[in-house]
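Peer 1: Taken in order, the sequence shown gives residues 41 to 465; the numbers are from our numbering. Idealized CB from N, CA, C, for every residue including glycine. Structure in structure tokens, see below.
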Amino acid sequence: MGFAPCCMMNQFEQELRSRLAALENQGLYRRVRAVDSPQGTRISVGGRMFLNFSSNDYLGLANEASLKEAAQDAIERYGTGTGASRLICGSLAPFAQLEETLAEFKGAEAALSFSTGYAAALGTICALAGRNDVIVLDRLVHASIVDGARLSGARLRVFPHNDVAALEFILRRADSRRPSGSSTASSSRMLIITESVFSMDGDQAPLREIAEVKDKYGAWLMVDEAHATGLFGMRRSGLAEALGISDRIEVHMGTLGKALGASGGYICGSRVLIDYLINKARSFIFSTAPVPAAAAAAQKGVELAMSEEGEIRCRALWQRVSEAGSGINGKAHQQESARSCSRSDNRLASAILPIMVGDEARAVEAADALRQRGIFIPAIRFPTVARGSARLRLTLSAAHTAEDVQQLISTMQELRLITGPEVMR
Ligand SMILES: *Cc1c(COP(=O)(O)O)cnc(C)c1O
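This is how it looks when you write it as structure tokens:
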């Protein structure tokens, strides 16, 4: 006997179908593409190979032999599942080892790993701020931060992207509304949250200036280094390290799933912050511990990023960024971005190069055209970015070759997505 859908069921499906049709009409329909190869600069999708410029695997670690061995070894020793949350009996040895390594990496007292970066944001923001507090966000922060801030119940304030003067204005007003003396009492707190490298624009936050104003008003600062981890600083732990301001940031957040080649999220900071999160972060407390293989792979990824091999990869990545940047923007870009890992002086430096298109349907068409020519760069649309600011989000990896970048540039020129060399000044 098959399903005989009753009329309620019909109505339910009809309603969803019409909602999906509305998305389709706006060029906003999304589908999952099954990738049948490991992550890398070449991926196989639907039986066809593509040159991939869409991954966040910035150091080329997602399919690295030493990470795979670490994961396999962890499976042999600890199995596949953890069977319980960290606070019950799921805190297997690889988590403690990972957290010790993360703390060393970030130069922090302590670290806590989460199942994802998304879970780290949600759990941490809600643990730190509540109804009496104010959360101040850069307009372009990631959805995980927006969701965490909303869920916390705190009052939300948003400042225009990277606008420190506007941030200060918000802090001054919020501060003046606090009961006097409250910056030392526990009545009302201000928590500023920003990314160090913005995920869809690839530009950097003015972290030093933000740290100045947050000190001035007694606010707390949380920085999401999802797209800077592995790329900046002597240990490659992020932009805060490169700028020498790590100890001025209360809460350091990142993901283990991008440059570090594994899966999971983390928070680093003082020992008391971590003890507090263990007691208060609901996404940590009420969720089964991740698989030990993920923690072991992530630990290896952190070790590799900190090592000389990490430095070599990082340098190769910046070389590719420089080549792609000059291909897209003209020769002027080349000199300016030809430096190695000390790139904190260039606000535009990251492994993310957005090609702005604007219209959603046109961005999808451009991505289709590139795919027909064997290049994989999906269109990024609302709600990931604002309506009318759709783009191709081009990302580079240390594993790309100069030839890969050359192929990308010439294909984009053919498709008139960027101007050809003959019209460039
Ligand atoms: C990817 C990302 C996250 C979420 O991390 P996951 O580990 O993928 O859940 C958080 N913040 C930013 C800026 C990101 O790009």
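1. According to DSSP, which residues form a beta bridge with residue 244?
2. When we look at the beta-carbon of residue 357 and count the other beta-carbons within 10 Å, is it buried (16 or more) or exposed?
3. Just checking my contact of residue 260 with residue 231 at CB under 8 Å: how many whole Å lie between their CB atoms?
4. Compare the beta carbon distance of residue 204 and residue 390 with 7 Å and say whether it is the shorter of the two.
5. What separation, rounded to the nearest whole angstrom, lies between the Cα atoms of residue 147 and residue 313?
6. Classify residue 131 as helix, strand or coil using the three-state DSSP reduction.
7. Check whether the Cβ of residue 64 lies closer than 6 Å to any heavy atom of ligand 1, and answer yes or no.
8. Look up residue 399 in the DSSP assignment and say whether it is helix, strand or coil.
9. In this structure, how does DSSP classify residue 258 when only helix, strand and coil are distinguished?
10. Can you tell me which of 132, 189, 228, 99 puts its alpha carbon nearest to the alpha carbon of residue 164?
11. By Cβ distance, which residues of its chain are closer than 7 Å to residue 407, with the 5 residues on each side in sequence left out?
12. Could you tell me the boundaries of the alpha helix (DSSP H) in which residue 178 lies?
13. With respect to the beta strand (DSSP E) encompassing residue 308, which residues constitute its N-terminal and C-terminal limits?
14. Does the separation of the CB atoms of residue 267 and residue 360 fall below 7 Å?
15. Judging by CA-CA distance, which residue of 346, 429, 425 is the nearest neighbour of residue 271?
16. When the Cα of residue 193 is compared with those of 293, 352, 423, 162, which residue comes out closest?
17. I'd like to confirm something about residue 468: is its beta-carbon nearer than 6 Å to some heavy atom of ligand 1, or not?
18. When the Cα atoms are used, what is the spatial distance from residue 257 to residue 265?
19. Quick test of the definition: if touching needs 3 or more C-beta pairs under 8 Å, does the segment 328-338 touch the segment 293-308?
20. Verify whether the separation of the beta carbon atoms of residue 315 and residue 229 is less than 7 Å.
21. What three-state label does DSSP hand residue 125 in the structure shown?
22. For residue 249, which residues in the same chain have their Cβ closer than 8 Å to its Cβ, ignoring the five residues on either side in sequence?
23. At 4 residues or longer, and completely inside the segment 276-336: list those alpha helix (DSSP H) runs for me, N to C.
24. Give every residue of the same chain whose Cβ lies closer than 6 Å to the Cβ of residue 289, excluding the five residues on either side of it in the sequence, and list them in chain order.
25. Is it buried or exposed for residue 60, if we count other Cβ within 10 angstroms and need 16 for buried?
26. Within its chain, find whatever has a CB closer than 7 Å to the CB of residue 363; leave out the 5 residues flanking it on each side and keep chain order.
27. What three-state label does DSSP hand residue 451 in the structure shown?
28. Would you report the Cα separation of residue 428 and residue 247, rounded to the nearest angstrom?
29. What residue from 242, 109, 296, 71 has the CA that sits closest to residue 159's CA?
30. On the three-state DSSP scale, how would you describe residue 372?
31. Taking 8 Å as the cut-off, does the segment 320-335 touch the segment 139-157 (at least 3 CB pairs, one atom from each stretch)?
32. Is residue 342 closer than 7 Å to residue 11 when the C-beta atoms are compared?
33. At a threshold of 6 Å, does residue 235 count as lining ligand 1 (C-beta to nearest heavy atom)?
34. Below 6 Å, is the gap between the Cβ of residue 158 and the nearest heavy atom of ligand 1?
35. Indicate the three-state DSSP secondary structure (helix, strand or coil) for residue 72 in the structure shown.
36. Based on the DSSP output, what are the partners of residue 84 in its beta bridges?
Peer 2: Let's see:
1. 237
2. buried
3. 5 Å
4. no
5. 15 Å
6. coil
7. no
8. coil
9. coil
10. 189
11. 417, 418, 419, 432
12. No alpha helix (DSSP H) contains residue 178, which is instead part of the beta strand (DSSP E) from 174-178.
13. 305-309
14. no
15. 346
16. 162
17. The shown model of the chain, from 41 to 465, leaves out residue 468, and the question about it has no answer.
18. 23 Å
19. yes
20. no
21. strand
22. 204
23. 279-283, 311-320, 322-325
24. 261, 263, 280
25. exposed
26. 442, 445
27. helix
28. 28 Å
29. 296
30. With a pLDDT of 42 at residue 372, under the threshold of 50, the modelled position of that residue is not reliable, and the figure given next carries that caveat. The answer is helix: DSSP assigns residue 372 an H, G or I state.
31. yes
32. Residue 11 lies beyond the residue range present for the chain, which begins at 41 and ends at 465; the question has no answer from this structure.
33. yes
34. yes
35. coil
36. 89
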